[in-house]
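Visitor: Numbering (my numbering), first residue to last: 126 to 981. By construction, the Cβ of each residue, glycine as well, lies at the ideal position given by its N, Cα and C atoms. Since the structure is predicted, the reported quantities are computational estimates derived from the model, not experimental observations.
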RNA sequence: GGGGGUGUGGCGGAAUGGUAGACGCUACGGACUUAAAAUCCGUUGACUGGUGACAGUCGUGUGGGUUCAAGUCCCACCACCCCCA
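(1) What are the start and end residues of the beta strand (DSSP E) that includes residue 318?
(2) Go through its chain and collect everything with a Cβ distance to residue 238's Cβ below 7 Å, but skip five positions before and after it.
(3) Do the CB positions of residue 261 and residue 626 come within less than 8 Å of each other?
(4) Locate the beta strand (DSSP E) running through residue 980, then write down its first and last residues.
(5) How is residue 260 classed by DSSP in three states: helix, strand or coil?
(6) Ignore the nearest five residues each way along the sequence and tell me which others in residue 288's own chain have a CB closer than 7 Å to its CB.
(7) Thinking just about the alpha-carbon of each residue, which of 240, 803, 875, 926 is nearest to the one in residue 906?
(8) Between the C-alpha atoms of residue 132 and residue 895, what's the straight-line distance to the nearest angstrom?
(9) So residue 696 is in the beta strand (DSSP E); what residue range does that whole segment cover?
(10) Determine which residues share a DSSP beta bridge with residue 565 and list them.
(11) On the CB-based measure, 16 or more other CB atoms within 10 Å of its CB, does residue 252 come out buried or exposed?
(12) Is the separation between the beta-carbon of residue 644 and that of residue 204 shorter than 8 Å?
(13) Exposed or buried, residue 155, counting other C-beta atoms within 10 Å across all chains shown (16 or more means buried)?
(14) Tell me which residues share the same chain as residue 944 and place their Cβ nearer than 7 Å to its Cβ, disregarding the 5 neighbours each side in the sequence.
(15) Given a threshold of 16 other Cβ atoms within 10 Å of its Cβ, counted over all protein chains shown, does residue 757 qualify as buried or as exposed?
(16) Have a look at 323, 325, 284 and flag the residue whose alpha-carbon is nearest the alpha-carbon of residue 306.
(17) Return the chain-ordered list of same chain residues with a C-beta closer than 6 Å to the C-beta of residue 248, the five sequence neighbours on each side being excluded.
(18) Hey, could you find the ends of the beta strand (DSSP E) residue 162 is sitting in?
(19) Whose C-alpha, out of 393, 785, 803, is nearest the C-alpha of residue 766?
(20) On the DSSP letters alone, give me the boundaries of the beta strand (DSSP E) that residue 476 sits inside.
(21) What residues are listed by DSSP as bridge partners for residue 543?
(22) On the three-state DSSP scale, how would you describe residue 961?
(23) Leaving aside the five residues before and after residue 618 along the sequence, list all residues of the same chain whose C-beta is less than 6 Å from its C-beta, in chain order.
(24) Compare the C-alpha of residue 590 against each of 576, 609, 581, 555 and name the closest.
(25) Cα-Cα, which of 324, 339, 303 is closest to residue 694?
(26) For the stretch 159-176 and the stretch 191-201, state whether three or more C-beta atom pairs, one from each stretch, are separated by less than 8 Å.
(27) Per DSSP, residue 738 is paired with what?
(28) Just to confirm my understanding: we take residue 825, look at its own chain, exclude 5 residues before and 5 after, and list those with CB closer than 6 Å. What are they?
(29) Give the straight-line distance between the Cα atoms of residue 542 and residue 372, rounded to the nearest whole angstrom.
(30) Of all the options 175, 173, 158, 178, which has the alpha carbon lying nearest to the alpha carbon of residue 191?
(31) Could you please give the first and the last residue of the uninterrupted beta strand (DSSP E) stretch that includes residue 280?
(32) Excluding the five sequence neighbours on either side, which residues of its own chain have a C-beta within less than 7 Å of the C-beta of residue 168, listed in chain order?
(33) Round the Cβ separation of residue 709 and residue 690 to the nearest angstrom and send it over; I've been treating them as touching at under 8 Å.
(34) Under 7 Å Cβ to Cβ from residue 573, same chain only, skipping five residues before and after it: list those, please.
(35) In whole angstroms, what separates the C-alpha of residue 455 from that of residue 463?
(36) Who are the near neighbours of residue 727 in its chain, counting only those whose CB is closer than 8 Å to its CB and skipping five residues on each side?
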């Protein structure tokens, strides 16, 4: 009867059987509590990598556990299928993006299925499918109707040779085009934005309602939103009616303002420029226009600025101060203008020094001896206001409010809260994305495509050259349509949406994934949402998660949903790293199969010694391990076990073949354990704690300890690594047990299989059936701890002297403190180390230790 | 510069303020085998003493502190990683 463990055939068999039985279908309405387990859906690159294996395995263990614990579980899968790589493939190889993507999806689906993940494939969602992006467009229209989608001029990366707009990913670190190598320029285009800033405050404050999120993700989001409290102040321009508005977090330093700076793109720039400065200013604007934002604001780069010739008035002092323009001030940011206080801001200090601008001290440390000493650096600490007219002597912290109050009274300023977060630019000048459902009419302006005409479908069989306008903008028959409102000949919007839009609502689609009449059924999303456990990479800590929260809040407001955060709990899993070999001299990476001696790795070409370290698996580092090869050799169960055991889920995981081997050995031990048991014809009999021998009691304690520990490890914080080690302990205990005929042993075998089921689903199922069971192990109830089995008669009591462990004794488990102390005093260890010294104090910790304190 | 995180054997990692190193990997020794692989058994933090069971000292990045007792709590520092500038 015994056969060898052959994962390949066995896993295949069960995957097919489960599919036939539709075991992983999501139960619709029933009385069980719901559990929505979700992994971040992948981009269909066509190849499964280890990072995927890790996320989906983690989520799958949770899903399978919850099913056994009596939940109805939704564990869906889909594809984040729009995006640049498909378009690049079209340019390079002439394959249509749709075809290329579909092929990749088919391949990856198959690969994923071989992992044995319990996805409900009936709910598969593909963002590039018209029946999905129809609803992405519909959601855009919801934003449009509420005024939260709007158009504004904004800069794009422009390749002057190919005459095309480039995505940020297509621009290298030196600011050159990936294809033409041309230096990328900035060009202004009218583009679509979503007004996420309207939700900035709620996105920030509601982070407090997410105790199930890692603190560091919440901190990153909070920093990204970047709330700062301060004042909006207006500086009248000399000789004009206009004013320059600035935002500052340091209104207390306003008497120290010695200049104001406009962003070069600011509409006032040319208006304040005096005629003698015009040429210089225009040249400067031109120059800055070619710089990237990162270059402009980088801290290590000198800040460049020039005077415009214009001047403004400091409304507090009445002083006339110069107006400059500088590269580090961005028009998109805040008001596009800043006030310069060199004495109390580091950046202003440097800028003033470099440009010969005056520095005026208005804050001094408390009890400063000589307030007029020349500064060597900006003084940015709080202090006392000086040279500040009526505010002299005011502590600077209190001075902030005092200045705001005064400005408000005088009508040249007010309190303001500003966010770092900017509105979300969703326009992409690309083909492979959801078309923005707008028609531009010369009569009516931007008109939404009526809902019954959605989706605005992407035309097929398009030509891709990588040059010129976006492929959509070159298709006249697609572009030219009558205005939906007045019928005048009009033109379609040719921009498509950022792929982050597609992924900002996909989790709302799964509860009713095949609905043709609506993006989602309100009853169903109110039932299933929020996602109970979301699992994905830390790289999405900011954008994807923030956008999803924004969409959820917006839709919750608009449709009165009963939830306003999408993800209850978030697990950010660490990277999978591979052993990397690098020649430190040449900087070249060497693939492992070219290395002759792994104990002393050297460059096969030059013979130079190599650096060996772990780094994130990637093609360029030649350190990837192909999941399919691992599956072929060891099976999915081993791969899953290894990944879960090797490191806690949120930490980086170092791939190690020897450890994979170790997991394979463990599964083989389980295999033998159970097949031997089955061979001996042993039956499952109910076990209980009455009339057991000592070895039986010990074994049963091990069994129920395992239940308790594994259950505990899988609850709240997911500690799969220690859960697996508990499985190993149980397996070891069964292996060592002599009482193989006992019902306790049978109970142990059955328990081991049930506890193993979420981790190694195929093997658990196979062995379960080998024991004569007909139903699936995945439909069994998760084992319960029998507390009576955990009771021990005797425990080990540690004897300490002055806090040092000196020995231990066996004592009755329920002995009281006095008895423990007495037994401890009599112990050999205490006799030896205490001797006849005076015992000053005795600490008795029941069930743990007795500590005698004696003079040294 | 600001914010967050991490630091434990040869390695990955365990440890409600209570026997540090669970579990696994590696290495070494042994059994089985003609031999090897696989498997099984044992040892594996360092140092000192002892043939030995064992006994002792040190030991969780560094330095201090609180405590009967600190990997765990507090203070300062160092190193590395991540995010933001």
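Guide: Taking the structure as given:
(1) 310-319
(2) 140
(3) yes
(4) Careful: residue 980 lies outside any beta strand (DSSP E) and carries neither H nor E.
(5) helix
(6) 592, 593
(7) 875
(8) 15 Å
(9) 695-698
(10) 571, 616
(11) buried
(12) no
(13) exposed
(14) none
(15) exposed
(16) 284
(17) 201, 635, 638
(18) 159-164
(19) 785
(20) Residue 476 -> not in any beta strand (DSSP E); alpha helix (DSSP H) instead, spanning 471-480.
(21) 353
(22) coil
(23) 561, 563
(24) 555
(25) 339
(26) yes
(27) 705
(28) 869, 914
(29) 9 Å
(30) 158
(31) 274-284
(32) 205, 208
(33) About 47 Å; that fails the 8 Å criterion.
(34) 266, 269, 562, 563
(35) 10 Å
(36) 720, 721, 733, 734, 735
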